[in-house]
Amino acid sequence: MTHRNLAFWLIPCPEDSVNLQSVIGDFAKRYGAPVFKPHLTLCYVQFSDKATPWGNLPEIEPISLPVLGVDSTAQYTKTLFLRFPRNERLLALKESLLERCPKPDTQIMDTHLSLLYAELPLSEKQQLAKNLIPPLSNVCFTEIRVIQHPANVTKKEDVEAFRKVTA
29 MTHRNLAFWL IPCPEDSVNL QSVIGDFAKR YGAPVFKPHL TLCYVQFSDK
79 ATPWGNLPEI EPISLPVLGV DSTAQYTKTL FLRFPRNERL LALKESLLER
129 CPKPDTQIMD THLSLLYAEL PLSEKQQLAK NLIPPLSNVC FTEIRVIQHP
179 ANVTKKEDVE AFRKVTA
């Protein structure tokens, strides 16, 4: 049986999305990196090709999260990102989504929103994080999306393969 790798994303409200998309686009141009939609990943799951996890996605009340700062790691998908505090509403939402999943995600939620995916030396990533003033002090999330993605996201082509899944 074939399967699809899916992610449940929280999408910022339109106003915040425009602001964050501009920052992502500027970094993408500067570093030859992929452009992607601003999002906070709630969880990753695998579904068979016939399974439909998005049929009854819950409506969410807006969730506003304060930006704690900017950070970076050696991981490609965490090149440069906004850090948020742990949030009980997010954890509860993740759990409700995982109840629909045949192979639940066991990763601990790391509440962040990436601004750049790029292969850069860690020292350069850290310098970017140190010097970047967060574009927003709070981000308001208002929508859940399901995104199909490659099993491993380690390069620009993988990010460009992200596809929104619809019913």
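This note's numbering puts the sequence shown at residues 29 to 195.
Built from N, CA and C at the ideal position, the CB exists for glycine as well.
Being a predicted model, the structure only gives us computed values, none of them experimental.
Practice item. Flag this pair as yes or no: are the beta carbons of Val187 and Ile175 separated by less than 8 Å? Key: No, they are not a contact pair.
Point to revise | Proximity below 8 Å, CB of Trp37 to CB of Arg191 | key: No, the pair does not count as a contact, with Cβ atoms beyond the cut-off.
Point to revise | Check whether Pro270 and Leu108 have beta carbons under 8 Å apart | key: The requested residue 270 is not part of the displayed model; the chain covers only 29 to 195.
Exercise for review: Only counting runs of 3 or more residues, tell me where the beta strand (DSSP E) segments fall wholly within the stretch 135 to 183, in order along the chain.
Suggested key: For the stretch 135 to 183, whole beta strand (DSSP E) runs of length 3 or above, ordered along the chain, are 140 to 144, 166 to 176.
Check your understanding: With a Cβ-Cβ cutoff of 8 Å, do Pro86 and Ser124 count as a contact?
Key -> Yes, the Cβ-Cβ distance between Pro86 and Ser124 is below 8 Å.
Check your understanding: Taking the Cβ atom as the reference point for each residue, do His67 and Ile39 lie within a distance shorter than 8 Å?
Key -> It is a contact, given that the beta carbons lie within the stated cut-off.
Review point. What is the residue span of the beta strand (DSSP E) that Leu34 lies within?
Key: Element bounds for Leu34: 31 to 40.
Review point. According to the Cβ coordinates, are Ser151 and Lys106 closer than 8 Å?
Key: Annotated as distal: Ser151 and Lys106, with beta-carbon spacing of 8 Å or more.
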